[in-house]
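Numbering (the working numbering), first residue to last: 1 to 350. By construction, the Cβ of each residue, glycine as well, lies at the ideal position given by its N, Cα and C atoms. In this text the structure is predicted, and so the values were computed from the model without any measurement.
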């Protein structure tokens, strides 16, 4: 029988693709609603904020992600409840506990998780768009090129826009721009940096290698293809990262909530609960979580403190200010120990 941790990790693997698809679909929807002419006209007037508004990057576009997040939260809580130790109240009577996703605490958690996720995605997408426009102006790019770099060019096969910056975050947009500058430099050392990018399209490597060998800038046609593929692959990478991180957070948050509900149902004091951090136990665990491994706290509210100073009640918890470096791609777990399980009641002769 798989452990609860193993079952929850399998659940994350199963549900992450749903959230990833919701993200990609949301970006496709945003692109499909953009009127390119409006964006170009605003860029001609150097109205950056107006051009960004014309992209219609608003929270409502990402609402499908909220539903995927809610499903992950509910599934995590249900799975935890099904693996809950049998509980007893203070008198030794067996307590029947069932997961309740409509519980006030659970509903508040879902709202907060969804709101934070959508706000972060929207803000980062807007920031990347603004960064791209400002940088393009500084390079002397025209309004039409800037607009197409933002929203992408329509595929003759699918009819969808491909290769746009929309959907990327700031660091990804910066990577695209830095790659463009390097490939236009004619400097072999700078151009060679492209060949180390994991998100590049390797089918274009030979064309880049020929330009490097000749010590010449990459030609415009190939450069456009390189950057378009780089944007698309980074968009998929961002979708995967968001989906994995947010699904883990939802599942671990619902696990915590399930134990809170069980605690309330049994009428027991939270001081009888201990929580122990468990890392994935391999070489890929970040250093701060290696240090956290096996650390124990008492009660349900006291957070674990990372060596970085970040506070987390459970893996993926950003509600107390933990940054991306502590939550993205986390595979850790928290072990909850109830000193008032039925076994304890039996040991008292009940």
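Residue range 273-278 is occupied by the beta strand (DSSP E) that includes residue 276. In terms of CA proximity to residue 301, 256 leads the group 133, 330, 256, 91.
Distance from the CA of residue 313 to the CA of residue 253, rounded to the nearest whole angstrom, comes to 9 Å. In the DSSP assignment, residue 154 is bridged to 161. Just measuring C-alpha positions, the residue of 220, 113, 149, 25 sitting nearest residue 66 is 113. In its chain, beyond the 5 residues on either side, 12, 315, 316, 330 have a beta carbon closer than 7 Å to the beta carbon of residue 248. A distance below 8 Å separates the beta carbons of residue 245 and residue 328. Distances from the CA of residue 70 to each of 181, 251, 298 were compared; the closest alpha carbon is that of 251.
Relative to the Cα of residue 57, the nearest Cα in the group 123, 222, 263, 318 belongs to 123. For residue 62, the three-state secondary structure derived from DSSP is helix. Residue environment for residue 294: exposed (fewer than 16 other C-beta atoms within 10 angstroms of its C-beta).
The alpha-carbon of residue 203 is positioned some 11 Å away from that of residue 209.
Bridge partners of residue 305 according to DSSP: 311. 8 Å or more divides the Cβ of residue 91 from the Cβ of residue 265. Residue state for residue 338 is assigned as strand, using DSSP reduced to three classes. The Cβ atoms of residue 212 and residue 130 do not sit closer than 8 Å to each other.
Going by C-alpha positions, residue 221 is about 48 Å away from residue 306.
Residue 226 and residue 183 do touch by the CB rule: their CB atoms are close to 7 Å apart, below 8 Å. Assigned with DSSP and collapsed to three states, residue 226 falls in helix. With respect to the C-alpha of residue 59, the residue from 243, 298, 121, 144 having the closest C-alpha is 121. Straight-line spacing of the CA atoms in residue 337 and residue 162 works out to 50 Å.
The alpha-carbon separation between residue 1 and residue 273 amounts to approximately 25 Å. Counting along the chain, the unbroken alpha helix (DSSP H) around residue 327 starts and ends at 324-327. Considered as a whole, the stretch 159-194 harbours 170-185, 188-191 as its complete alpha helix (DSSP H) runs of no fewer than 4 residues, in chain order. The residues 84, 87, 97, in chain order, have a CB closer than 7 Å to that of residue 262 in the same chain once the five nearest residues on each side in sequence are set aside. DSSP places residue 201 outside both helix and strand once states are collapsed to three, so it counts as coil. For residue 25, the CB contacts under 7 Å within the same chain, skipping 5 residues up- and downstream, are 64 in chain order. Between residue 166 and residue 30 a beta carbon distance of about 6 Å is seen, short of the 8 Å cut, so the two are scored as contacting.
Secondary structure of residue 13 (DSSP, three-state): helix. In this structure, the CA atom of residue 200 is about 7 Å from the CA atom of residue 233. Residue 19 places its beta carbon 8 Å or farther from that of residue 75. If you look at residue 40, you'll find it in the alpha helix (DSSP H) that goes 36-44. Spanning the alpha carbons of residue 103 and residue 72 requires a straight line of approximately 16 Å. The stretch 130-149 makes contact with the stretch 28-43; the number of CB pairs closer than 8 Å reaches 3 or more.
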